[in-house]
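**Q** Just passing along the structure, written as structure tokens.
Numbering (the numbering used here), first residue to last: 1 to 204.
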């Protein structure tokens, strides 16, 4: 049984800094045997905003039929979920926020319906990674995004202690991360570390 990685690229600007960071992480993962990587770009995924109807609290599913139908199942099946987003107005971009809001169905399943999100034997084994880039060089530029992404990972059964972070600031223009002194090395190392941990946990 191999390792399954789901990578969700959130930026509305294709092949920008946050997506480049993700691609470096994925390159180190795909070079390893028995690792399956699937990359989703949210701008092409047709994820509509949550309606706030709370129907998922009774139906155990969302009433909206769109790209989230497929992504929902992929999130459940993956051993590692990676989400990348640039920082817009001090938080994740709107495409990623829409995804997180639509994760309400997992919250309803977990806390209202008292149903498992993943099989019990997989709890505590999944890993998450948040990748982000920001144009500002402020030390606190990622502070507001972190609890938002933690909320997403929490409802899909990834513990806080199992969330990794790769956050690079002061890269604004498209391609600026290519000139960062450590970004590529850090990303490649992060990808290799995640697979190593998963091999141990899953005995792959």
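For glycine and all other residues, C-beta sits at the position ideal for the given N, C-alpha and C.
1) Inspect the beta-carbon positions of residue 156 and residue 75 and report whether they are closer than 8 Å.
2) Just to confirm my understanding: we take residue 205, look at its own chain, exclude 5 residues before and 5 after, and list those with CB closer than 7 Å. What are they?
3) So, with DSSP's three-state summary, where would you put residue 178?
4) Measuring straight from C-alpha to C-alpha, what distance separates residue 193 and residue 128?
5) So for residue 142, helix, strand or coil by DSSP?
6) Note the first and the last residue of the continuous alpha helix (DSSP H) segment covering residue 39.
7) Can you tell me where the alpha helix (DSSP H) holding residue 183 begins and where it ends?
8) For residue 20, count the other beta carbons within 10 Å of its own beta carbon; 16 or more makes it buried, fewer makes it exposed. Which is it?
9) Is it buried or exposed, residue 15, if we count other Cβ atoms within 10 angstroms and call 16 or more buried?
10) Any contact between the region 104-114 and the region 173-190? By contact I mean 3 or more CB pairs, one from each, below 8 Å.
**A** On the basis of the data shown:
1) yes
2) Nothing can be reported for residue 205: it is not among the residues displayed for the chain, which extend from 1 to 204.
3) helix
4) 12 Å
5) coil
6) Looking at the DSSP string, residue 39 is not in any alpha helix (DSSP H); the run it does join, the beta strand (DSSP E), is 35-41.
7) 183-202
8) buried
9) exposed
10) By the C-beta criterion, the region 104-114 is judged not to be in contact with the region 173-190, since fewer than 3 inter-stretch pairs fall below 8 Å.
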